[in-house]
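Engineer:
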Amino acid sequence: MTASGTFGYGTEYCHLFDIERLGAIVCKGTTLEPRDGNPQPRIAETACGVLNAIGLQNIGFKALLKEKAPVWAGWRVPVIVNIAGETITQYAELADMLDGVAGISALEVNISCPNVTAGGAEFGAEPGPAARVTGAVREATSLPVLVKLTPNTADIVKVAKAVAGVGADALTLVNTLKGMAIDIRQRRPMLGNVTGGLSGPAVKPVALAMVYEVAGAVKIPVIGCGGITTASDALEFIMAGASAVQVGTAGFANPQAPLEVIEGIEEFMRQEGVADITELIGVGRR
Ligand SMILES: Cc1cc2nc3c(=O)[nH]c(=O)nc-3n(C[C@H](O)[C@H](O)[C@H](O)COP(=O)(O)O)c2cc1C
2 MTASGTFGYG TEYCHLFDIE RLGAIVCKGT TLEPRDGNPQ PRIAETACGV
52 LNAIGLQNIG FKALLKEKAP VWAGWRVPVI VNIAGETITQ YAELADMLDG
102 VAGISALEVN ISCPNVTAGG AEFGAEPGPA ARVTGAVREA TSLPVLVKLT
152 PNTADIVKVA KAVAGVGADA LTLVNTLKGM AIDIRQRRPM LGNVTGGLSG
202 PAVKPVALAM VYEVAGAVKI PVIGCGGITT ASDALEFIMA GASAVQVGTA
252 GFANPQAPLE VIEGIEEFMR QEGVADITEL IGVGRR
């Protein structure tokens with residue numbers, strides 16, 4: 002799959018390669034109202050990674066329903082809509098209104114958003130708020146519900162168990178890690194928002210350890226995400242227990258990266274005599 006926020010709505014890429022060969026496309030985080038996002042600069046390069054503070058710039062769910070879903074409905078590749086909100090009610094409203102729409106195959110709930118009614122901590126930082134968002138979305142939709150966990154928490158296994166316990170169908174691990182950079186000549190933060198989210202190869206070992214721990218603690222499928230650039234990265238996540246993977250930042254330097262990951266996995270399976278990818282899930286666990 003492509004990771005949310007790194008592949009637009011898929012429509013931007015369909016002329017670059019055959020996107021229908023992907024497992025699924027996860028679209029940009031979508032909110033009830035359109036959002037302009039954070040002040041520039043919003044991207045800063047770091048060693049082996051990228052800091053971003055886009056601030057959920059998006060077209061809003063009404064434009065998504067009008068302009069994007071009808072296009073998706075004609076594609077064979079499933080599209081998963083990533084949703085975000087500032088209150089539990091906003092998540093539930095979004096889930097309700099996206100239910101039963103042709104072209105939308107599942108929801109991915111981004112719980113890395115500040116809970117505005119509870120002082121601004123991320124919903125996903127604690128098991129309680131994470132489960133309340135998940136439960137509200139679960140009740141509002143008949144679509145499969147993927148919950149995307151944040152690594153910015155003291156105990157991701159506790160959050161994962163809480164979310165799985167209220168009806169999540171799968172978990173995506175992980176969103177970006179909080180980070181920052183300072184321009185020493187200008188003597189100010191590189192990002193307009195001061196802090197941002199770190200992604201790319203720098204986060205891979207952290208994401209991999211979280212997938213390993215969570216996959217050993219829940220019964221629902223785990224989707225690995227974080228720094229996956231090559232097939233061998235993806236295979237590490239699968240061997241750690243992930244049932245699927247998402248490719249994000251790698252696509253900025255090479256838009257074909259998600260396809261190359263698929264082809265590389267197929268090549269590995271041929272070399273190793275593996276008939277079915279499910280044979281590899283969790284084989285690296287001890
Ligand atoms: C520019 C950018 C925008 C992103 N936007 C979203 C978003 O809207 N919703 C979300 O859940 N994750 C978002 N993410 C996080 C990615 O989906 C992914 O979880 C993270 O970047 C780690 O994977 P990667 O190292 O392969 O990029 C964004 C990441 C980047 C770099």
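The opening residue of the sequence shown carries number 2 in my numbering; numbering runs sequentially from there. Ideal placement from N, C-alpha and C gives every residue a C-beta, glycine not left out.
Check whether the Cβ atoms of Thr142 and Gly125 sit closer than 8 angstroms, and answer yes or no.
Structural biologist: By 1-based counting over the sequence shown, the position of residue 142 is 141. By 1-based counting over the sequence shown, the position of residue 125 is 124. Cβ distance not < 8 angstroms, so Thr142 and Gly125 don't count as in contact.
Engineer: Helix, strand or coil, according to DSSP, for Thr279 in the structure here?
Structural biologist: Residue numbering aside, residue 279 sits at position 278 when the sequence shown is read from its first letter. Residue state, collapsed to three classes: helix.
Engineer: Counting Cβ pairs, one atom from each stretch, are 3 or more of them under 8 angstroms apart for the stretch 99–110 and the stretch 130–147?
Structural biologist: yes
Engineer: Contact between the stretch 218–225 and the stretch 72–80: three or more CB pairs below 8 angstroms?
Structural biologist: With the rule of 3 Cβ pairs closer than 8 angstroms, the stretch 218–225 does not count as touching the stretch 72–80.
Engineer: Buried or exposed: Lys205, going by 16 or more other Cβ atoms within 10 Å of its Cβ?
Structural biologist: If you number the sequence shown from 1, residue 205 lands on position 204. When all chains shown are included, Lys205 counts as buried.
Engineer: Taking the straight line between their C-alpha atoms, what separation do you get for Ser233 and Ala241?
Structural biologist: In the sequence shown, counting from the first residue as 1, residue 233 sits at position 232. In the sequence shown, counting from the first residue as 1, residue 241 sits at position 240. Rounded to whole angstroms, Ser233 to Ala241 spans 12 angstroms at the Cα level.
Engineer: Output needed for Ala122: all residues of its chain with C-beta closer than 8 angstroms, excluding positions within five of it in sequence on either side, in chain order.
Structural biologist: Taking the first residue of the sequence shown as position 1, residue 122 is located at position 121. Apart from sequence neighbours up to five positions away, the residues of its chain that approach Ala122 with a beta-carbon distance below 8 angstroms are Pro115, Asn116, Pro130, ordered along the chain.
Engineer: Considering only the beta carbon of each residue, do Thr196 and Ala54 sit closer than 8 angstroms?
Structural biologist: What you label residue 196 is simply residue 195 of the sequence shown in a count that begins at 1. What you label residue 54 is simply residue 53 of the sequence shown in a count that begins at 1. Result yes, Cβ atoms of Thr196 and Ala54 sit closer than 8 angstroms.
Engineer: Below 7 angstroms CB to CB, which residues in the same chain sit around Ile60 once its five sequence neighbours on both sides are set aside?
Structural biologist: By 1-based counting over the sequence shown, the position of residue 60 is 59. Closer than 7 angstroms at the Cβ level, and outside the excluded window around Ile60, lie Pro35.
Engineer: Restricting to Cα atoms, I'd like to know which of Gly265, Val262, Val146, Gly217 is closest to Lys162.
Structural biologist: As a working note, residue 162 is residue 161 in the sequence shown. If we check each option's Cα against that of Lys162, Gly217 comes out closest.
Engineer: Please state whether the Cβ-Cβ distance between Gly193 and Arg22 is less than 8 angstroms.
Structural biologist: Taking the sequence shown and counting its residues from 1, one reaches residue 193 at position 192. Taking the sequence shown and counting its residues from 1, one reaches residue 22 at position 21. No, they are not a contact pair.
Engineer: Using only the alpha-carbon positions, how far apart do Thr231 and Gly120 sit?
Structural biologist: As a first step, residue 231 is located in the sequence shown; it is residue number 230 there, counting from the start. As a first step, residue 120 is located in the sequence shown; it is residue number 119 there, counting from the start. So the alpha carbons of these two residues sit roughly 39 angstroms apart.
Engineer: Three-state secondary structure (DSSP) at Leu33?
Structural biologist: Translated into positions along the sequence shown, residue 33 becomes position 32. Three-state result, Leu33: coil.
Engineer: Specify the secondary structure class of Gln41 as computed by DSSP and reduced to three states.
Structural biologist: Here residue 41 corresponds to residue number 40 of the sequence shown, with the count starting at 1. For Gln41, the three-state secondary structure derived from DSSP is coil.
Engineer: What is the C-beta distance between Phe62 and Gln257, in whole angstroms, given that I count them as a contact (C-beta under 8 angstroms)?
Structural biologist: Counting from 1 along the sequence shown, the entry for residue 62 is found at position 61. Counting from 1 along the sequence shown, the entry for residue 257 is found at position 256. Phe62 to Gln257, Cβ: 30 angstroms. No contact.
Engineer: Please say whether Pro259 and Gly228 have beta carbons closer to each other than 8 angstroms?
Structural biologist: As a first step, residue 228 must be located in the sequence shown, where it is residue number 227. As a first step, residue 259 must be located in the sequence shown, where it is residue number 258. Their beta carbons are not under 8 angstroms apart, which means Gly228 does not touch Pro259 by this criterion.
Engineer: What did DSSP end up calling Leu199 once you bin it into helix, strand or coil?
Structural biologist: Position 198 of the sequence shown holds residue 199. The three-state reading of DSSP puts Leu199 in strand, counting E and B together.
Engineer: Spatial neighbours of Pro40 within its chain, please: CB distance less than 8 angstroms, with the 5 preceding and 5 following residues excluded, ordered by chain position.
Structural biologist: Position 39 of the sequence shown holds residue 40. Same-chain partners within the cutoff: Gly193, Asn194.
Engineer: When DSSP labels each residue in this structure, what does Ile224 get in the three-state scheme?
Structural biologist: Sequence index remark: in the sequence shown, residue 224 carries index 223 (1-based). DSSP places Ile224 in strand when its eight states are reduced to three.
Engineer: Does the distance between the C-beta of Leu23 and the nearest non-hydrogen atom of ligand 1 fall short of 7 angstroms?
Structural biologist: Working through the sequence shown from its first residue, we reach residue 23 at position 22. No, ligand 1 has no heavy atom inside 7 angstroms of this Cβ.
Engineer: Among the candidates Leu174, Ala182, Leu236, whose CA atom is the shortest distance from the CA of Val298?
Structural biologist: Nothing about residue 298 can be read from this structure; the chain reaches only from 2 to 287.
Engineer: If contacts are defined as beta-carbon pairs under 8 angstroms, then Thr198 and Leu52 qualify, I think. What distance do you get, rounded to the angstrom?
Structural biologist: Counted from its first residue, the sequence shown places residue 198 at position 197. Counted from its first residue, the sequence shown places residue 52 at position 51. Before going on, a small fix: residue 198 reads as Gly here, not Thr. About 7 angstroms separates the two Cβ atoms, so the contact holds.
Engineer: Do Lys29 and Gly56 come within 8 angstroms of each other at the CB atom, strictly closer than that value?
Structural biologist: If you number the sequence shown from 1, residue 56 lands on position 55. If you number the sequence shown from 1, residue 29 lands on position 28. Result no, Cβ atoms of Gly56 and Lys29 do not sit closer than 8 angstroms.
Engineer: Which term fits Val284, buried or exposed, when burial requires 16 or more other beta carbons within 10 angstroms of its beta carbon?
Structural biologist: Residue numbering aside, residue 284 sits at position 283 when the sequence shown is read from its first letter. Classification for Val284: exposed.
Engineer: Grab me the residues of Ile278's own chain with a C-beta within less than 8 angstroms of its C-beta, minus the 5 sequence neighbours each way, in chain order.
Structural biologist: On the sequence shown, position 277 is the one that residue 278 refers to. Answer for Ile278: Ile239, Ile266, Met270, listed in chain order.
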